[in-house]
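S.K.:
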Amino acid sequence: MFFQKKRCIAMLLAGGQGSRLKVLTEKTAKPAVPFGGKYRIIDFPLSNCVNSGIDTVGILTQYQPLELNEYIGNGQPWGLNKTHSCAQVLPPYERHDKKSGWYKGTANAIYQNIDFIERFDPDYVVILSGDHIYKMDYADMVAYHEAHNASCTIAVRNVPLAEASRFGILNTNPDNSIYEFEEKPKKPKSTNASMGIYVFNWSVLKEALIADEDTPGSSNDFGKNIIPNLLAAGHKMMAYPFNGYWKDVGTIDSLWEANMELLGKEPEFNIRGDERTKIFARNSALPSSYIDEKAKIVNAFVAEGCDVYGEVRHSVISVGCTIGEGAQVEDSVVMPGVVIEPGAIVRHAILGENSKVERNAVVGGAYGPGEKKAISVTSKGAVVAANTVLLPGEML
Amino acid sequence: MRVMGIIFANDASLGELTTKRTSASMPFGGRYRQVDFALSNLSAAGVRHVGIISRHNYQSLMNHIGDGEEWGLELEEGGLEFLTPYSMSTSHTYRGKLESLYSAMDFLEFGGDDEYVVMIDSAVLSNIDLTKVLDAHVKSGKDVTMVTKAGVADGKRVLDLAVKLDEKGEVSDMVVDYAAPEGYLASADIFVLNKKWLIGKVLEHMARNQFHMDRDLVLGGWQKGEVSVNVYEFPGVVMYNDTVEEYFANNLALTDAKVRADLFGYNHPVYTKVRFRVPTYYGEGCEIENSLVADGCMLEGEVEDSVLFRDVTIAPGAEVDHCVIMNDAVIGEGSELKYVILDKNVTVRPGSKLIGTKKNPIIIKRGEIV
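First to last, the sequence lines map onto chains C and V.
Take 2 as the starting number for the first sequence in our numbering and just add one per residue.
Take 6 as the starting number for the second sequence in our numbering and just add one per residue.
1. Within 10 angstroms of its Cβ, does Phe3(C) collect 16 or more other Cβ (buried), or is it exposed?
2. Tell me the DSSP secondary structure of Lys201(V) in three-state form.
3. Helix or strand or just coil, what does DSSP make of Met218(V)?
4. Would you list, in chain order, the members of the segment 23 to 52 of chain V that have their beta-carbon closer than 7 angstroms to a beta-carbon of chain C?
5. Could you tell me which residues DSSP puts in a beta bridge with Val58(C)?
6. Residues in the segment 26 to 43 of chain C with C-beta within 8 angstroms of chain V's C-beta atoms, listed in sequence order?
7. Residues of chain C with a CB under 7 angstroms from the CB of Arg354(V): which are they?
8. By Cβ distance, which residues of its chain are closer than 6 angstroms to Ile134(C), with the 5 residues on each side in sequence left out?
9. Taking only runs that begin and end inside the segment 134 to 160 of chain V, name each unbroken alpha helix (DSSP H) of 4 or more residues, in chain order.
10. Indicate whether Val129(V) and Met9(V) have their beta-carbon atoms separated by less than 9 angstroms.
11. Which residues of the segment 303 to 314 of chain C have a Cβ closer than 8 angstroms to any Cβ of chain V? Give them in chain order.
12. Taking the CB atoms as reference points, tell me whether Ser233(V) and Gly146(V) lie closer together than 9 angstroms.
13. Taking 9 angstroms as the CB-CB limit, is Ile374(V) close to chain C?
14. Have a look at Leu162(C), Phe201(C) and Ile211(C) and flag the residue whose alpha-carbon is nearest the alpha-carbon of Asn193(C).
15. Flag this pair as yes or no: are the beta carbons of Val335(C) and Ile324(C) separated by less than 9 angstroms?
16. Quick check: the Cα distance between Arg314(C) and Leu263(C), rounded to an integer number of angstroms?
17. Quick one: list the residues of chain C neighbouring Leu297(V), beta-carbon separation under 9 angstroms, in chain order.
18. In chain order, what residues of the same chain lie with their CB nearer than 8 angstroms to the CB of Gly160(V), ignoring the 5 residues before and after it?
19. Excluding the 5 residues preceding and the 5 following Glu307(V) in the sequence, name in chain order all residues of the same chain whose CB lies nearer than 6 angstroms to its CB.
20. Along the chain, where does the beta strand (DSSP E) containing Tyr183(V) start, and where does it finish?
21. Along chain V, in chain order, which residues have C-beta atoms closer than 9 angstroms to that of Lys83(C)?
22. Cβ closer than 7 angstroms: which chain C residues qualify as neighbours of Val279(V)?
23. What number of angstroms, rounded off, separates the C-alpha of Asp171(V) from the C-alpha of Thr150(V)?
24. Cβ closer than 9 angstroms: which chain C residues qualify as neighbours of Val163(V)?
25. Starting from Trp247(C), trace the alpha helix (DSSP H) both ways and give me its first and last residue.
26. Under 7 angstroms, CB to CB, which of the residues in the segment 293 to 327 of chain V have a partner in chain C?
27. Please name the residue, chosen from Asp182(V), Tyr276(V), Lys102(V) and Ala109(V), that lies closest to Leu88(V) on a Cα-to-Cα basis.
28. What are the boundary residues of the alpha helix (DSSP H) that includes His69(V)?
29. Run the CB neighbour count on Gln215(V), radius 10 Å, all protein chains shown included, and call it buried at 16 or more, exposed below.
30. Contact check, Gly369(C) vs His349(C) under 8 angstroms by CB: the rounded distance?
31. Are at least three pairs of beta-carbons, each pair with one atom in the segment 275 to 295 of chain C and one in the segment 162 to 178 of chain C, less than 8 angstroms apart?
32. When the cut-off is 9 angstroms and only beta carbons count, does Ile298(C) lie next to chain V?
33. Specify, as a first and last residue, the run of the alpha helix (DSSP H) that Gly270(V) falls within.
34. Which word fits Ala151(C), buried or exposed, when buried means at least 16 other C-beta atoms lie within 10 angstroms of its C-beta?
35. Tyr286(V) versus chain C: which residues are under 7 angstroms apart at the beta carbon?
36. Does the separation of the CB atoms of Thr260(V) and Leu19(V) fall below 9 angstroms?
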């Protein structure tokens, strides 16, 4: 079989559980969690790849892959199904040697797929994760990497000092070259947080992966092992500053916030894009949404296939939802296929796919400005029974 | 059962709206082109060999359908074929369906294994389970099965083809191009026939300079007792978009939940070519009532009893009432539109006023600035 040589390919780490998303990832891998009305989290790195001219993407899956695999399919929604492009799902597999088994860590996941990468004989490999909402041109980052003649380039963003100890922190020289990497430091020396986006020279990465695999006791992790090892070995490593919108949606609160940040006339994150920054997703074969004369929709996203008879304020309503007459939805994220029956009230909530809030049920609570909010969450297919209450912060 | 599908793309003229497109590629219902309904009906019934007969203006249709991927018709064997005048044995356009079938004889004969042919007109919309029609056809043992709709004939509307049945369900009268009285069943322009039989009939009629399916083959054959006709009464919604008035009314009829449930979900989803857009944003001041809204819109004004296609912008203070607004329209601040059809990509300047009537909606041509 013929494989076209690629200057750059991407490997997308999509196997994590995302346990901090609690009930939302009980049956779904985090990258397949719905976002923004008609997307899933993985659409962002995948679309970024396509918009950056990267047409070969390996997607490493492990945790609850059914829905994710189905969603990626042959890569058609992102145009990754052509003769010389692919979105290849790479699950763990059995090997003749003893190195097979579940992916032990992020580095081991790539290690186990060296053969896939070698087919394309790439100069550069971009390592991505399926945890973040952002738009980024990886081609600019690769050009930066190339111009600085680096072995590895890590995208960084400035975070508030108070939050820096939650991240991998990169300490850099004035020319942005990295002299130290600290994983979640107690006393951070800088506020340059790693975004988990790496560009490697493939030859360097391959060697490092093989060496790491042969090191007993290694966590086989990029942040804990590969990056510090390369630094220690004296490789030139660069920090690539990124100032655009970037949000880790790994928690219930941050997932809710990121959805809310799509709203407004000039939203914090403008998901609309020109041809170069468009986010693609698998489309549902649903008709347009129907907005009834009794409906009232203010400052909200409503995707297609919805029937809205009630009130929607400051919320994201995903494809195929029904909002009954007299129902009120406020400050909420309503995932695909949700039914909110007449008279129900939903505030500060994330309603999981195909869940249902029956007549006159109440989900979540109201808050004054500045008050600490607790998001109520329903899991996939859950039913909040008629006339019952799901308290603020409760999960069903 | 091996079945071939034939879609007729050009059978209705909607004035200015179809000067540069076929009726098959007329945008409909916010997200669709009319042909999506015929294609989805065929595809859902497992028909994997479909020809589209198009006389003229078929560029937008080809652009929409492409290789038929959305309908599962991008196949190596069979799949989708465009039967345009220049790809067939004649270089002029056709005078009737039989002549166009005659010109498409290579296509008809090529699908060697296909036993039956389903013929659909793309301007008549329905969500019908064609496997039931095919079964009924086979069971009837008749030459032609025509799908009909009750309640359309009213003595005023001129129907292409209508039949009356006796108590036994046999055809007792048949009329063509006539305002059939109440009680007649209107043809839904879906026919099932045996393929070999059809090929023979096409050759016979062409030899006698007869070009019309309804008038010559069905009516003429039935009157002479040469063609037996089975009638399949379809209970679901059938939309006839033969005139601008009907097209306009049928679009707006989609605000009725029953009509929508029937046309979009009665038997199967309606597939269309995907143009991926963001969800529609409803701004602070927008008032949307009884309307169908596609994706990618930016809504800040008032919309009532209307259909909005994708990427429509309604500025603050604009009022849209009983309108069909196609893709990419920008409706400026404070403008007022009532009974208007905006073709694609129209810009309405702030403060403009366009008022049509239900029977004669104002049509603004594609790309115009008013």
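Virtual Cβ for every residue (Gly too), placed ideally from N, Cα, C.
Here the structure is a predicted model, which means the values were calculated and not measured.
M.R.: To lay it out plainly:
1. The count along the first sequence starts at 1 and reaches residue 3(C) at position 2. Classification for Phe3(C): exposed.
2. Taking the first residue of the second sequence as 1, we reach residue 201(V) at position 196. Shown here, Lys201(V) sits in a helix according to DSSP, grouped into three states.
3. As a working note, residue 218(V) is residue 213 in the second sequence. Three-state result, Met218(V): helix.
4. For the segment 23 to 52 of chain V, which is checked against every Cβ of chain C, the residues closer than 7 angstroms are Gly34, Gly35 and Arg36.
5. Against the first sequence, residue 58(C) aligns to sequence position 57. DSSP, once it has assigned bridges, lists Ala11(C) and Ala88(C) as partnering Val58(C).
6. So the close ones are Gly37, Gly38 and Lys39.
7. On the second sequence, residue 354(V) is found 349 positions in, with the first residue counted as 1. For a Cβ distance threshold of 7 angstroms, nothing in chain C lies close to Arg354(V): the least Cβ distance comes to about 21 angstroms.
8. Taking the first residue of the first sequence as position 1, residue 134(C) is located at position 133. So the list reads Phe45, Lys248, Val250 and Ala259, once near-sequence residues are dropped.
9. For the segment 134 to 160 of chain V, whole alpha helix (DSSP H) runs of length 4 or above, ordered along the chain, are 135 to 145.
10. Counting from 1 along the second sequence, the entry for residue 129(V) is found at position 124. Counting from 1 along the second sequence, the entry for residue 9(V) is found at position 4. Result no, Cβ atoms of Val129(V) and Met9(V) do not sit closer than 9 angstroms.
11. Listed by position along the chain: Val303, Ala304, Glu305, Asp308 and Val313.
12. Counting from 1 along the second sequence, the entry for residue 233(V) is found at position 228. Counting from 1 along the second sequence, the entry for residue 146(V) is found at position 141. Yes, the pair counts as a contact, with Cβ atoms nearer than the cut-off.
13. As a working mapping, residue 374(V) is identified with position 369 in the second sequence. Answer no: the Cβ-Cβ gap between Ile374(V) and chain C never drops below 9 angstroms.
14. Sequence index remark: in the first sequence, residue 193(C) carries index 192 (1-based). Residue nearest to Asn193(C) within the set Leu162(C), Phe201(C) and Ile211(C) is Leu162(C) (criterion: CA-CA distance).
15. Here residue 335(C) is taken as the residue at index 334 of the first sequence, counted from 1. Here residue 324(C) is taken as the residue at index 323 of the first sequence, counted from 1. The Cβ-Cβ distance between Val335(C) and Ile324(C) falls below 9 angstroms.
16. Counting from one through the first sequence, the residue named residue 314(C) turns up at place 313. Counting from one through the first sequence, the residue named residue 263(C) turns up at place 262. Between Arg314(C) and Leu263(C), the C-alpha separation is close to 13 angstroms.
17. Counted from its first residue, the second sequence places residue 297(V) at position 292. Here the neighbours are Pro288, Ser289, Ser290, Tyr291 and Ile292.
18. Here residue 160(V) is taken as the residue at index 155 of the second sequence, counted from 1. Ala184, Ala185, Pro186 and Glu187, listed in sequence order.
19. Locating residue 307(V) in the second sequence gives position 302, counting from the first residue. The residues are Glu292 and Glu324.
20. Locating residue 183(V) in the second sequence gives position 178, where the first residue counts as 1. DSSP places Tyr183(V) inside the beta strand (DSSP E), whose first and last residues are Val176 to Tyr183.
21. As a first step, residue 83(C) is located in the first sequence; it is residue number 82 there, counting from the start. Result: empty, since nearest Cβ-Cβ is about 13 angstroms, beyond 9 angstroms.
22. Your numbering for residue 279(V) matches position 274 in the second sequence. Under the 7 angstroms cutoff, chain C gives Asn284.
23. On the second sequence, position 166 is the one that residue 171(V) refers to. On the second sequence, position 145 is the one that residue 150(V) refers to. Each residue's Cα considered, the two are about 16 angstroms apart.
24. The residue given as residue 163(V) occupies position 158 in the second sequence. By Cβ distance, chain C contributes nothing, its closest Cβ being about 30 angstroms from Val163(V), past 9 angstroms.
25. In the first sequence, the residue the question calls residue 247(C) occupies position 246. Not the alpha helix (DSSP H): Trp247(C) falls in the beta strand (DSSP E), residues Trp247 to Asp249.
26. Listed in sequence order: Ile293, Glu294, Asn295, Ser296, Leu297, Val298, Ala299 and Asp300.
27. For the purposes of this step, residue 88(V) is taken as the residue at position 83 of the second sequence. Here the closest residue by C-alpha is Ala109(V).
28. Taking the second sequence and counting its residues from 1, the one referred to as residue 69(V) is at position 64. Segment Gln64 to Ile70, the alpha helix (DSSP H) holding His69(V).
29. Stepping through the second sequence from its first residue, residue 215(V) is reached at position 210. With at least 16 other beta carbons inside 10 angstroms of its own, Gln215(V) counts as buried.
30. For this step, residue 369(C) is matched to residue 368 along the first sequence. For this step, residue 349(C) is matched to residue 348 along the first sequence. Contact flag wrong, Cβ pair sits at about 12 angstroms.
31. No, the segment 275 to 295 of chain C does not touch the segment 162 to 178 of chain C.
32. As a first step, residue 298(C) must be located in the first sequence, where it is residue number 297. Output row for Ile298(C): interface = yes.
33. To locate residue 270(V), count along the second sequence from 1; it is residue 265. Unbroken alpha helix (DSSP H) run through Gly270(V): Ala262 to Gly270.
34. Position 150 of the first sequence, counted from the start, is the residue given in the question as residue 151(C). Taking all protein chains in view, the Cβ of Ala151(C) is crowded by 16 or more other Cβ atoms within 10 Å, so the residue is classified as buried.
35. Within the second sequence, residue 286(V) is the residue found at index 281, counting from 1. Those are Phe302, listed as they occur along chain C.
36. As a position in the second sequence, residue 260(V) is number 255, starting the count at 1. As a position in the second sequence, residue 19(V) is number 14, starting the count at 1. The answer is no: Cβ separation not under 9 angstroms.
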